[in-house]
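Comments concern the structure below.
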Amino acid sequence: MKTIMSAALSFVLFLSSMSYCLAYQDVYEDLWNMNMDIANKTIQLEFLQQMQTNSLQAERYVNFTLQDINYVQEVTKMLKKMSKKVSKPEDIRDFMTGRYTSYRKFLDLLLQQYFLQGTPFIKPTPAMKKYLTTYIETMEKDPIYFAVALLPCARLWVWLANNLNISKTNVYFTWKEDNKDGHPEKHYKALLNKYLNTTQTIKYAKDLFQKQMQNEHDFFATS
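Heads up: the sequence shown runs through residues -23 to -1, 1 to 200, numbered per mature numbering (1 follows the signal peptide of the UniProt record, and there is no 0).
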């Protein structure tokens, strides 16, 4: 009888410890830390290394920028839909609205900077098409996962800008300056840690985050 009670108590303590771990798990940081291998592979890509050494051909950078504009344009459209679609919970609704406003302003800035009008048609590369398709598929899931899908871009570009050794005399110094001061944790951390609170949701988020990190890698690799 004592053996049974001891086993039962051990099982209860195990469940309690699991609940404690989930409750205090920093999923936001875990997602990034588990994908540092992809981040390190990305920063070693030829495209970024040539940016660092100031030897990247201007034509390649122009093509990269056009694909980036297409990315921002398409994700802005998706965020507009998500901001209308999500009414509850309020914090996720506010997140979608806030990200849509931010992306819309950035898109307007890009279009003005490159003298583009309206919504220009830019044919996506296979890598970019694959990236955007993941977003489209994620729109049909729980809205918290769309936040997860957005995070790799927001986090990786800041990390790249801060870890590439691009001097002030480098023609790509502006790219570094434009991207190095982002603080994605202000928008994502509390939200993800609040709603990714079960083994199932965390696993799905980790798989999705890894997929989007790979999509980022492939975008740079094919630029």
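In this text, a Cβ means the ideal position worked out from N, Cα and C, and glycines have one as well.
Own chain residues within Cβ distance below 8 Å of residue 152, not counting five before or after
28, 138 and 143
Does the count of Cβ pairs from the region 57 to 77 and the region 14 to 21 closer than 8 Å reach three?
no
Going by DSSP, what residue range makes up the alpha helix (DSSP H) through residue 60?
35 to 62
Would you report the Cα separation of residue 88 and residue 51, rounded to the nearest angstrom?
13 Å
Measure the beta-carbon distance from residue 186 to residue 125 and round it to whole angstroms, keeping in mind my assumption that it falls under 8 Å.
6 Å
Mark residue 86 as exposed unless 16 or more other C-beta atoms lie within 10 angstroms of its C-beta, in which case mark it buried.
exposed
In chain order, what residues of the same chain lie with their CB nearer than 7 Å to the CB of residue 9, ignoring the 5 residues before and after it?
132
Beta-carbon within less than 8 Å of residue 69's beta-carbon, same chain only, minus the 5 sequence neighbours each way: which residues are those?
63, 120, 121, 124, 168 and 172
Between which two residues does the alpha helix (DSSP H) containing residue 194 stretch?
176 to 198
If you compare alpha carbons, which of 6, 14 and 5 is closest to residue 193?
14
Would you identify the three-state DSSP class for residue 75, choosing helix, strand or coil?
helix
Same chain, Cβ closer than 6 Å to residue 147, neighbours up to 5 away in sequence not counted
31
Rounding to the nearest angstrom, what Cα-Cα distance links residue 128 and residue 49 in this structure?
14 Å
Minimum C-alpha distance to residue 43 - residue among 76, 90 and 82
90
Between which two residues does the alpha helix (DSSP H) harbouring residue 25 extend?
23 to 29
Along the chain, where does the alpha helix (DSSP H) that runs through residue 133 open and close?
121 to 140
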